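The numbers in my numbering rise by one with no breaks, and the one at position 191 of the sequence shown is 191.
Cβ coordinates follow ideal geometry from the N, Cα and C atoms, glycine included.
Remember, predicted model here, so these are calculated numbers, not experimental data.
Working notes for the structure below.
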Amino acid sequence: MNFNNELMNELLTECQGKNVAQVHPEVAKLLALLIDCGEYRRVLEIGTGLGFSTINLARAVEPRGGSVLTIERMPERLERARDYFRRFHLNNIRTYEGEAHQVIPHLDGYFDLIFLDAAMGQYADYFEMLFPRLVPGGVLIADNVFFEDLIFRSRSDVPHRRRTMQERLQIFIQKIKDHPKLTTRIFPFGDGLAVSWRHREE
C-alpha cells in the first residue's frame, strides 16, 4: 500500500490543515491485511472524514470486486472526500450523508467488515445496531479506543468534561469483550484499536 504518492500526500496535508483526524498508517495497513486474510468484500465505515481510510479500504477490497459504504455527518467533509474518490478513480465507494444512527437502519444487507471511526461516545449504541449486520466470520473494528490513554485512568483523574466519554467507551469495550459471539483483541496502534471477530459457528 503506497502512502507516498502525490495525491495521497495532498489528502493528508489537507487533513492536517483542517484538523481532520485520519487513521494512523499502521491502522490502515492492518485494515488492509484483515481484508486480505479474510477475503472480505463488503465493508461499512462509520466516519468518512476526508476519505483517507475509505480510500485504503476501497483499494483493499477492489481486487475481489468488493465495495465500501461510508457514512459522514458533515457535508463539507463528505464533499471533499467524494472529490478525492473521483481523483483516485475509485468506483466502488458509496457515500451516505447524515447521522450514523439515522442512516444505518436504511442500509441493505450484511457486512464482512465494519469500521468505527466516528463519535466514540456512540460506539456502544452503534454496536447494538451493527452487530446483527456483521456476518459470522466478519470483523468489527473500532479506532481510538484508548481515548488519549484516559481509558486507563481512574475516574477521579479524568477531567470532568471527559468523564462521560470515558464511561461510554468503557461500556463499549466491556460489551465487545464479554459478548459470547465475539473474540476481541485490543492493539496499541494509533490511539488504540479494538478488533472483534464474530464466531463462524454460533
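Next on the checklist: Tell me the rounded alpha-carbon separation between I46 and R153.
Outcome noted: 27 Å
Checklist entry - Going along the chain, which unbroken runs of the alpha helix (DSSP H) with 4 or more residues stay wholly within the region 101-130? => result 123-130
Checklist entry - Taking the beta strand (DSSP E) that S53 falls in, what are its first and last residues? => result Run containing S53: none in the beta strand (DSSP E); it sits in the alpha helix (DSSP H), F52 to V61.
Next on the checklist: Here's the rule I'm using: 16 or more other beta-carbon atoms within 10 Å means buried, otherwise exposed. How should F3 be labelled?
Outcome noted: Confidence at F3 is low in this model, with a pLDDT of 49, below 50, so its placement is unreliable and the value that follows should be read with caution. Answer is exposed; the Cβ neighbour count stays below 16.
Checklist entry - Are there 16 or more other CB atoms within 10 angstroms of the CB of R230, so buried, or fewer, so exposed? => result The requested residue 230 does not occur in the structure, where the chain is confined to residues 1 to 202.
Item to check | Cβ-based burial, S196 [other Cβ within 10 Å; buried from 16] | outcome: buried
Checklist entry - Expressed to the nearest angstrom, what Euclidean distance is found between the alpha-carbon atoms of A21 and G66? => result 25 Å
Checklist entry - Any idea which residues DSSP pairs T184 with across the strands? => result S196
Next on the checklist: Within a Cβ cutoff of 8 Å, which residues of the same chain sit near Y126, ignoring the five residues on either side of it in sequence?
Outcome noted: I46, A100, H101, I104, L116 and A118
Item to check | Cut-off 8 Å between Cβ atoms - residues of its own chain near R163, not counting five sequence neighbours on either side | outcome: R155
Item to check | Beta carbon of I35 nearer than 8 Å to that of A60 | outcome: yes
Checklist entry - Whole alpha helix (DSSP H) runs in the region 23-97 with 4 or more residues, listed along the chain? => result 25-38, 52-61 and 75-87
Checklist entry - Taking Cβ positions, are L193 and D143 nearer each other than 8 Å? => result In this structure, D143 lies closer than 8 Å to L193 by Cβ.
Next on the checklist: Check this for me: beta carbons of L57 and V68, under 8 Å apart or not?
Outcome noted: Result yes, Cβ atoms of L57 and V68 sit closer than 8 Å.
Item to check | Selected residue, minimal CA-CA separation from P75, among P63, Y84, Y96 and M129 | outcome: Y96
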